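I have placed the structure first, in the form of structure tokens, so that the comments after it can refer back to it.
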Amino acid sequence: MDEREFQALSAQLGALSEVQREAILAALSAKASGAGALALIDQRFAVQPTCGHCRAKRFTRWGTSNGLIRYQCQDCGSTFNALTGTPLAHLRRRDAWLAYAQAIVDRLPLRKAAKRVGIALDTAFRWRHRFLEKPRDTKPAKVEGVVEADETFILKSAKGSRKITGRAPRRRGGKAKKPGLSTEEHDCILVIRDRHAATTDALLPDLEGKTFSSVLEPVVAKDAVLVTDGRAAYGQWAEAAGVLNIWLNASKGERSYGVYHLQNVNGYHARFKGWLAPFRGVASKHLASYLGWHRMKDREGQRLSATRCLCAACGFG
Ligand SMILES: [Zn+2]
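Using numbering that gives the first Met the number 0, you'd call the opening residue of the sequence shown number 0 and step up by one each time.
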């Protein structure tokens, strides 16, 4: 930083709030000690600080603990730090978090991630689900304008499941025993994507009309144009909700109607399946985490970095 930039920076320091000032001090001392992940977490927390117990915004500094600034809430009286109430709150080996976040950015399968980061395989497994807990639930509140909705099916996998009843465990990539697509043998993923790339998805327990309605109702804007295939469930919901539904008769080879088509959502399906392939079978019960991981990657694109991934895991923006 040159002298003029430094002068400009110093001039702004007087405007810092107490929490911001503490975060900068912590960042400076962490830089000296190499505690990068914790400094980052303290810094990001300071952007919109709230009590990890009761979400109040009034608190005072209460020393430090384990490398993080500690606060005491003036409303509930509890002490907390930036990680309180986040999925990472009780994870150890904080020195390895940024490297693990980078492994998520790089879509490394578990064994490779564990090896690169220098943690045990079961730790890598546990961390994966903690790191993905917030991204799993991060979805757009609304999809608007031209909205494409379509399902895709993945053969169910019981990988990692110790209790299998009624059938032999099978990894993904096998063959279904029944012809056609059913939620008995397949995981059904409904993806809803608008032309601004806002994307949400849901794992459907069955293919009943009310299941589709429960997914579409809260998220599709009432003035949207909903583009779908000919599945009756879409039309039924659209009619009840007063939403215009353009449906394409795929069985008759109808791929588009004017500007309306399903290429964006079907392209998303294909990218998700290609992205999932290196994992060589994801247990059905974990599929939602992987969907959230992929949405994060799709949303962030090239901006997705280890620091952004770590902040997302803590639920910071
Ligand atoms: Zn509180």
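No residue lacks a Cβ here, since even glycine has one placed at the ideal position from N, Cα and C.
Please read all numbers here as calculations on a predicted model, not as lab measurements.
Cutoff 7 Å: residue i Cβ touching any chain D Cβ
i: residue 99; result: The structure shown contains no chain D; it holds only a single protein chain.
Limits of the unbroken beta strand (DSSP E) element including residue i
i: residue 244; result: 243-247
i: residue 12; result: Segment 2-12 is the alpha helix (DSSP H) holding residue 12; no beta strand (DSSP E) there.
i: residue 150; result: 145-154
i: residue 285; result: Looking at the DSSP string, residue 285 is not in any beta strand (DSSP E), and its letter there is neither H nor E.
i: residue 59; result: 58-64
i: residue 187; result: 185-193
Where residue i falls: helix, strand or coil (DSSP)
i: residue 136; result: helix
i: residue 87; result: coil
i: residue 199; result: strand
i: residue 142; result: strand
i: residue 214; result: helix
i: residue 281; result: coil
i: residue 297; result: helix
Residue i beta carbon near ligand 2 (any heavy atom closer than 6 Å)
i: residue 186; result: As presented, the structure is devoid of ligand 2, carrying ligand 1 as its sole ligands.
Residue i - containing alpha helix (DSSP H), residue span
i: residue 262; result: 262-275
i: residue 110; result: 109-116
i: residue 314; result: Segment: none, residue 314 is in no alpha helix (DSSP H) and carries neither H nor E.
i: residue 97; result: 96-104
i: residue 43; result: 35-46
Buried versus exposed, by CB contacts within 10 Å (16 or more), residue i
i: residue 15; result: exposed
i: residue 59; result: exposed
i: residue 48; result: buried
i: residue 53; result: exposed
i: residue 0; result: exposed
i: residue 56; result: exposed
i: residue 121; result: exposed
i: residue 161; result: Here residue 161 scores only 48 on pLDDT, less than 50, and its place in the model is too uncertain to base an answer on.
i: residue 133; result: buried
i: residue 156; result: buried
i: residue 150; result: buried
i: residue 289; result: buried
i: residue 5; result: exposed
i: residue 112; result: buried
i: residue 185; result: buried
i: residue 148; result: buried
i: residue 264; result: buried
i: residue 46; result: exposed
i: residue 31; result: With a pLDDT of only 44 at residue 31, under the threshold of 50, the placement of this residue in the model should not be trusted, and no figure is reported.
i: residue 233; result: buried
i: residue 294; result: buried
Cross-strand partners of residue i (DSSP beta bridge)
i: residue 228; result: 247
i: residue 79; result: 70
i: residue 259; result: 256
i: residue 18; result: Answer by DSSP bridge pairing: none, since residue 18 is not bridged.
Exercise. Are the stretch 129-148 and the stretch 191-201 touching by the rule of at least three beta carbon pairs closer than 8 Å?
Worked result: yes
Exercise. Quick one: any contact between the stretch 74-83 and the stretch 39-47, if contact means 3 or more CB pairs under 8 Å?
Worked result: yes
Exercise. Does the stretch 303-311 come close enough to the stretch 97-111 to have 3 or more Cβ pairs within less than 8 Å?
Worked result: yes
Problem set entry | Meets three-Cβ-pair contact criterion under 8 Å: the stretch 241-251 and the stretch 223-231 | yes
Exercise. Is the stretch 63-70 touching the stretch 265-277, taking contact as three or more C-beta pairs under 8 Å?
Worked result: no
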